[in-house]
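As structure tokens, the structure follows; a few thoughts come after it.
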Amino acid sequence: MATPGMLYVTMQPKPGLALEQFHEWYNNEHGPTRLRLPQIFTNGLRYRANDGKEPSFLAVYDVTSMSHLETPTYTTLRANRSAREAETIGQVEVTRYFYDLVTEQKAPLFLPIEQLSDKEAEGIELVAVETTLKDESAEPEFKKWYGEEHIPMVSKVPGWLRTRLFKISSIGDGAGSKTTYLALHDYARTNGLGGPEHKASVATAWGAEVAKSVTAKNRPSAGTFTAPDGKTTTIPGEDEVISSYITTEDQLSIPYRLEGSAKDDAPTVAFCNSLLTSLHMWDPIVKLLKEQRPDLRILRYDTRGRHSIPNPPVPATLDLLASDLCTVLDALRIRKLHALIGVSMGGATTTNFAITYPMRLKKFIACDFNVTSSAANTQAWKDRIAVAEEKDGAGIEKLAGQTVGRWFHPATMEKESVVKSMTEMVASNNVEGFKYSCQALWDYDLKPALKFCQVPGLLVVGDGDGKGALVKAMDGFKDLVGDKGAELKIVPNAGHLPMWEDPAAFWEAIQGFL
1 MATPGMLYVT MQPKPGLALE QFHEWYNNEH GPTRLRLPQI FTNGLRYRAN DGKEPSFLAV
61 YDVTSMSHLE TPTYTTLRAN RSAREAETIG QVEVTRYFYD LVTEQKAPLF LPIEQLSDKE
121 AEGIELVAVE TTLKDESAEP EFKKWYGEEH IPMVSKVPGW LRTRLFKISS IGDGAGSKTT
181 YLALHDYART NGLGGPEHKA SVATAWGAEV AKSVTAKNRP SAGTFTAPDG KTTTIPGEDE
241 VISSYITTED QLSIPYRLEG SAKDDAPTVA FCNSLLTSLH MWDPIVKLLK EQRPDLRILR
301 YDTRGRHSIP NPPVPATLDL LASDLCTVLD ALRIRKLHAL IGVSMGGATT TNFAITYPMR
361 LKKFIACDFN VTSSAANTQA WKDRIAVAEE KDGAGIEKLA GQTVGRWFHP ATMEKESVVK
421 SMTEMVASNN VEGFKYSCQA LWDYDLKPAL KFCQVPGLLV VGDGDGKGAL VKAMDGFKDL
481 VGDKGAELKI VPNAGHLPMW EDPAAFWEAI QGFL
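Count the sequence shown with UniProt numbering and you get residues 1 to 514, in order.
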């Protein structure tokens, strides 16, 4: 039976370690490697002591089952440290504790910190009380007092959010301390700590009797510092970039790239790429966007099917692709996008995301896609799969040439470097990933749901996409989007990927709406 619990780690950087290096390592490498294991860690939060005592920093991870911490999945993280991690952690005093959950009580409106925005979480206070009993015979009375009197009284303190009681785990560094308990109390930024209700909760006759069985008690207090999100490599300087990946519930790895404004409250624009391309298909327009709108944070990610997919493979759907984006946003603590921009399959995903998750974005731009599929379209994808699978998958190179020739406007085909780089991008797609992700474009129909779209949208299409057929198709459904319809912008001398073929013309089409 699974025993939920907590990994509780105190840290004190040594005098020679710069705090900037310490935080950069923890936020960008150490914490995220754990959070990429959602089957083990449901969250990971960092705190800083606000009582002036050492250790100054605390990391807390909720664990689904404590037995996971003895598996190679977790232990190899500690055994195979990167050079940066080894160099940094050697300059930090680290103490790790494993705790099993005993009981938990929450305020009716309590929400876990990871479900709050950064502004909502800022200032939440954590009080940790460690108690060691004289012997195991005192445990029944201690737990009874905690559950029947102490927590009910603590819950009357203004600002109280949650109390959890843990016992030192039977595994890990503190396994020998059989009678050590840890209570964690969460309070809102405005609270009654030190007030009459709080004083009353620690000054009862029953509590005094229980205290006779206590040999040691420690009560540090900490304020929220930051919640780490998934980051792996960082490029410093004027063009700062964070590149990493998110792991979904079905164990799909989704690479992402975060750049642009580093301000905490910067509005975020996300890009959803087409089938057979990577997040780098947006390079030309992102370059322009960073020049024209330095106030924006920019998020790109590789959609499902670009790389290998989990086994057993399952066909993608537009709902699954929209859910993947939600997973990325949740992991990066982005509550609401300023805008979502997608093309082709990404355009359909963008539209579906706006319909399904209207509270997660302010506006959307959907490019070069249709809201319905056809039997002929489905057969075309099956034929393309057959080409890609030729010669044990080497056929993807043949498909790449065919695809780019079909996508691009004749004027674009004259640009050798533009054609070459896109052909190489398509040819490097995972074959099995393509086979199952393209099925999201089989037998779908978004048209009935368009009228329910509550999010303002802009439609964009290259004038030569499908030799003009897609212009006609998008013009046919633009008035069906929401109550007022959506404007359709046509990019001249461009085909299926106008943002790649002519980024300046594409920017001209979207800048006013964006």
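Quick reminder that beta carbons are idealized off the backbone N, C-alpha and C, glycines included.
Rounded straight-line distance, which links the Cα of Lys391 to that of Glu432: Straight across, the Cα-Cα distance linking Glu432 with Lys391 is about 14 Å.
**Prompt:** In chain order, which alpha helix (DSSP H) runs of at least 4 residues are fully inside the region 367-416?
**Reply:** For secondary structure counted as the alpha helix (DSSP H) over 4 or more consecutive residues, the region 367-416 holds these complete runs in sequence order: 375-388, 395-407, 410-413.
### Query
Out of Asp368, Thr131, Thr103, Arg46, which has the shortest C-alpha to C-alpha gap to Ile113?
Taking only the C-alpha atoms, the option nearest Ile113 is Arg46.
Cut-off 6 Å between Cβ atoms - residues of its own chain near Gly346, not counting five sequence neighbours on either side
Spatial neighbours of Gly346 in its own chain (CB-CB distance under 6 Å, excluding positions within 5 residues in sequence) are listed in chain order as Cys272, Asn273, Ser274.
Extent of the continuous beta strand (DSSP E) to which Pro13 belongs:
It spans 5-13 - the beta strand (DSSP E) in which Pro13 sits, taken as one unbroken run.
Worksheet entry | N- and C-terminal bounds of the beta strand (DSSP E) containing Arg297 | Here the beta strand (DSSP E) through Arg297 covers 297-301.
Report task. Could you round the C-beta distance between Pro369 and Ser344 to whole angstroms and report it? I think they count as a contact, below 8 Å. Result -> It should be noted that the sequence gives Phe, not Pro, for residue 369. About 6 Å separates the beta carbons of Phe369 and Ser344, which is inside the 8 Å limit, making them a contact pair.
Straight-line Cα distance separating Val460 from Gln511 | Rounded to the nearest angstrom, the two C-alpha atoms are 12 Å apart.
| query | What number of angstroms, rounded off, separates the C-alpha of Asn191 from the C-alpha of Glu70? | reply | Each residue's alpha carbon lies about 38 Å from the other.
Handout entry: Nearest-angstrom beta carbon gap, Ala211 and Leu161 [assumed within contact, 8 Å]
Key = Rounded, the Cβ-Cβ distance is 25 Å, inconsistent with contact.
Quick check: what's the CA-CA separation for Tyr357 versus Pro140? The straight-line gap separating the alpha-carbon atoms of Tyr357 and Pro140 is approximately 48 Å.
**Request:** State yes or no: is the C-beta of Ala183 within less than 9 Å of the C-beta of Thr131?
**Result:** Yes. Within cutoff.
How many angstroms separate the CA atom of Gln39 from the CA atom of Gly5?
-> In this model, Gln39 and Gly5 are separated by some 13 Å (Cα to Cα).
Relative to the C-alpha of Val286, which candidate in Ile309, Ala504, Thr378, His30 has its C-alpha closest? That would be Ala504, whose Cα lies nearest to the Cα of Val286.
Quick test of the definition: if touching needs 3 or more C-beta pairs under 8 Å, does the region 332-342 touch the region 420-427?
No contact exists between the region 332-342 and the region 420-427.
Nearest residue (CA-CA) to Gly31, options Ser56, Ile355, Glu85, Glu20 | The shortest C-alpha separation from Gly31 is found at Glu85.
Taking Gly485 as the reference, give the member of Ala494, Asp465, Ala449, Leu470 with the closest Cα.
Ranking Ala494, Asp465, Ala449, Leu470 by Cα distance to Gly485 puts Ala449 first.
| said: Closer than 8 Å is the cut-off here; do at least three beta carbon pairs connect the region 435-447 with the region 468-475? | reply: Fewer than three beta-carbon pairs drawn from the region 435-447 and the region 468-475 are found closer than 8 Å, and the two stretches are therefore not classed as touching.
Unbroken alpha helix (DSSP H) runs of length 4 or more, entirely within the region 80-134: which are they?
Qualifying alpha helix (DSSP H) stretches, in chain order: 83-89, 118-121.
Checklist entry - Are the beta-carbon atoms belonging to Ile341 and Leu252 less than 9 Å from one another? => result Cβ distance not < 9 Å, so Ile341 and Leu252 don't count as in contact.
Residue environment, Ala79, which counts as buried when at least 16 other CB atoms sit within 10 Å: Ala79 should be labelled exposed.
How about Thr33 and Asp62: are their beta carbons less than 9 Å apart? Not in contact: Thr33 and Asp62 (Cβ atoms no closer than 9 Å).
Tell me whether residue 516 is buried or exposed, calling it buried when 16 or more other Cβ atoms sit within 10 Å of its Cβ.
-> This structure leaves residue 516 out entirely; the chain is present only between 1 and 514.
* Asked: With a cut-off of 8 Å, do at least 3 Cβ pairs link the region 310-319 to the region 371-389?
  -> With fewer than three CB-CB distances shorter than 8 Å, the region 310-319 does not count as touching the region 371-389.
So, with DSSP's three-state summary, where would you put Phe166?
Strand, per DSSP.
- prompt: Among Leu296, Leu35, Arg36, Arg257, which one has its Cα closest to the Cα of Asp265?
  reply: The option with the nearest alpha carbon to Asp265 is Leu296.
Does DSSP put Lys435 in a helix, a strand or coil? Lys435: helix per DSSP, three-state reduction.
Note to self: DSSP three-state label for Ser323, please.
What the structure shows: Three-state result, Ser323: helix.
For this session: Kindly list the residues whose CB is nearer than 6 Å to the CB of Lys231, restricted to its own chain and excluding five residues on each side of it in sequence; keep chain order.
Result: The pLDDT assigned to Lys231 is 35, lower than 50, so where the model puts this residue is not dependable, and the model offers no usable value.
Practice prompt. Just the C-alpha distance for Leu288 and Glu416, rounded to the nearest angstrom, thanks.
Written response: Counting only the Cα atoms, Glu416 lies some 21 Å from Leu288.
### Query
In chain order, what residues of the same chain lie with their CB nearer than 6 Å to the CB of Phe225, ignoring the 5 residues before and after it?
Because Phe225 carries a pLDDT of 32, less than 50, the predicted location of this residue cannot be relied on, and the following value inherits that uncertainty. Excluding positions up to five away in sequence, the list reads Arg46, Tyr47, Arg48.
Considering only their Cβ atoms, is the gap separating Arg306 from Asn430 smaller than 9 Å?
Contact flag set, yes.
- [ ] Report the rounded CA-to-CA distance for Val129 versus Ala348, giving the unit in angstroms.
- [x] Distance from the CA atom of Val129 to the CA atom of Ala348, rounded to whole angstroms, is 51 Å.
Taking Cβ positions, are Trp145 and Ile89 nearer each other than 9 Å?
-> Contact: no.
Worksheet item: If you count every other CB in all the chains shown that lies within 10 Å of the CB of Leu399, and 16 or more means buried, which is it?
Response: With 16 or more other Cβ atoms inside 10 Å of its own Cβ, Leu399 counts as buried.
> Secondary structure at Thr180, three-state DSSP: helix, strand or coil?
Replying inline: Thr180: strand per DSSP, three-state reduction.
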